[in-house]
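K.L.:
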Amino acid sequence: MKFNIYEKEILSLELAKYIISEIISGFIDKNSIFMALSGGNTPRKAYEWIGKYLCAEEILGEGRELHIFQVDERYTSID
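According to the working numbering, the sequence shown is numbered sequentially starting from 32.
#1: Within 10 Å of its beta-carbon, does residue 109 have 16 or more other beta-carbons around it, so buried, or fewer, so exposed?
#2: Taking Cβ positions, are residue 54 and residue 84 nearer each other than 7 Å?
#3: Closest to residue 60 by CA distance: which of 79, 95, 102 is it?
#4: How about residue 43 and residue 87: are their beta carbons less than 7 Å apart?
#5: Please state if the CB of residue 102 and the CB of residue 67 are separated by a distance shorter than 7 Å.
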């Protein structure tokens, strides 16, 4: 099995590019997209890239809606 190690900045940018391409592809067939994103510090830089690109390129114009939900995969007790 081969593993690749990437610098955090490069990995964040590549993740952002992948998510942006999925958003753009989704808008080809629909005007509304739902996306669940994890919180925390790990994906923060990728989310910053995504936000900058979506605002700069006006991807969300023309009646398009991107619904984002924050998810948390940690399991904790009620107490």
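Think of the CB as a built atom: it goes at the ideal place given N, C-alpha and C, for glycine as much as any other residue. If you're wondering where the values come from, they're calculated on a predicted model, not measured in any experiment.
P.N.:
According to the data block:
#1: Working through the sequence shown from its first residue, we reach residue 109 at position 78. Classification of residue 109: exposed, given that the 10 Å Cβ count is below 16.
#2: Counted from its first residue, the sequence shown places residue 54 at position 23. Counted from its first residue, the sequence shown places residue 84 at position 53. No, the Cβ-Cβ distance between residue 54 and residue 84 is not below 7 Å.
#3: Stepping through the sequence shown from its first residue, residue 60 is reached at position 29. Among 79, 95, 102, the Cα nearest to that of residue 60 belongs to 95.
#4: Counting from 1 along the sequence shown, the entry for residue 43 is found at position 12. Counting from 1 along the sequence shown, the entry for residue 87 is found at position 56. Their beta carbons are not under 7 Å apart, which means residue 43 does not touch residue 87 by this criterion.
#5: If you number the sequence shown from 1, residue 67 lands on position 36. If you number the sequence shown from 1, residue 102 lands on position 71. Yes.
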